[in-house]
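In this note's numbering, the protein residues as written are 3 to 204. Each residue gets a CB set at the ideal place from its N, CA and C atoms; glycine is no exception. First the structure, in the form of structure tokens, and then the observations on it.
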Ligand code: TYD
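Below is the structure:
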């Protein structure tokens with residue numbers, strides 16, 4: 003039996019991390035869970051992540067780097083885990099490239115679509131939890147939390163474009179996407195996630 007593939011998406015500061023940890027714990031009661039992330043998730047992809055987050059480069063180089071890491075991650079971690087029936091939880095996946103490189107940077111969506119087909123070979127998440135909130139609110143949360151990487155230094159307009167990128171992906175795949183109102187409290191967001199899981203019998 004193939005395992006479930008669940009991804010978590012949203013702009014920086016949406017508050018995914020807390021909920022990934024608690025959902026991992028909840029699903030571990032049902033079977034084996036692999037909790038992973040992008041960019042990264044393998045030794046090679048973590049090296050690429052470091053370059054991706056901290057070196058200056060043009061938008062296409064950035065896009066190719068993140069898809070190269072994704073290819074390695076998919077082949078060596080995600081696909082084997084799903085084949086052996088494990089549940090895979092992934093903090094960001096291909097939708098992030100459509101949102102950040104497509105929406106945020108303005109990369110050509112056809113180029114991204116081609117890369118997606120080559121790299122994913124048809125694999126898509128079974129469920130994508132999209133943590134959505136206004137860019138200004140996310141920025142306020144980030145300011146309280148940590149040092150900014152190359153993406154987190156972008157302005158509010160950039161993050162509103164990223165948000166628009168996610169909205170477009172969600173509209174194109176409404177069965178796969180569940181929009182979570184991430185402007186609410188931790189408890190309320192957890193309740194929304196629980197409702198989504200229950201609705202799927204998970
Ligand atoms: P993330 O792991 O969420 O950062 P943090 O460790 O601070 O929680 O993601 C790192 C950044 O990479 C984030 O700003 C989004 C960006 N990103 C892309 O631009 N494209 C992608 O395809 C992915 C997966 C991430």
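From this set, the options, which residue's C-alpha is nearest residue i's C-alpha?
| i | options | result |
| --- | --- | --- |
| residue 171 | 190, 195, 131, 191 | 131 |
| residue 127 | 113, 121, 92, 103 | 92 |
| residue 69 | 114, 58, 106 | 114 |
| residue 20 | 204, 203, 184 | 184 |
| residue 75 | 181, 57, 51 | 51 |
| residue 168 | 7, 3, 12 | 12 |
| residue 47 | 66, 123, 58, 107 | 66 |
| residue 133 | 188, 149, 3, 73 | 188 |
| residue 151 | 80, 54, 38, 28 | 54 |
| residue 178 | 191, 165, 190, 202 | 202 |
| residue 159 | 145, 176, 141, 25 | 141 |
Excluding the five sequence neighbours on either side, which residues of its own chain have a C-beta within less than 7 Å of the C-beta of residue i, listed in chain order?
| i | result |
| --- | --- |
| residue 83 | 5, 36, 90 |
| residue 95 | 9, 40, 127 |
| residue 45 | none |
| residue 60 | none |
| residue 118 | 96 |
| residue 135 | 16, 184, 185 |
| residue 3 | 87 |
Per DSSP, what are the beta-bridge partners of residue i in this structure?
| i | result |
| --- | --- |
| residue 132 | 11, 181 |
| residue 91 | 8, 37 |
Apart from the five residues just before and just after residue i, which ones in its own chain have a Cβ nearer than 6 Å to its Cβ?
| i | result |
| --- | --- |
| residue 100 | 114, 167, 171 |
| residue 2 | Because the chain here runs from 3 to 204, residue 2 falls outside it and cannot be looked at. |
| residue 161 | 13, 137 |
| residue 71 | 41, 47, 50 |
| residue 129 | 8 |
Excluding the 5 residues preceding and the 5 following residue i in the sequence, name in chain order all residues of the same chain whose CB lies nearer than 8 Å to its CB.
| i | result |
| --- | --- |
| residue 78 | 44 |
Within the region 105–150, note down every full alpha helix (DSSP H) run reaching 4 residues or more, in order along the chain.
DSSP runs (the alpha helix (DSSP H)) wholly in the region 105–150: 111–122, 137–147.
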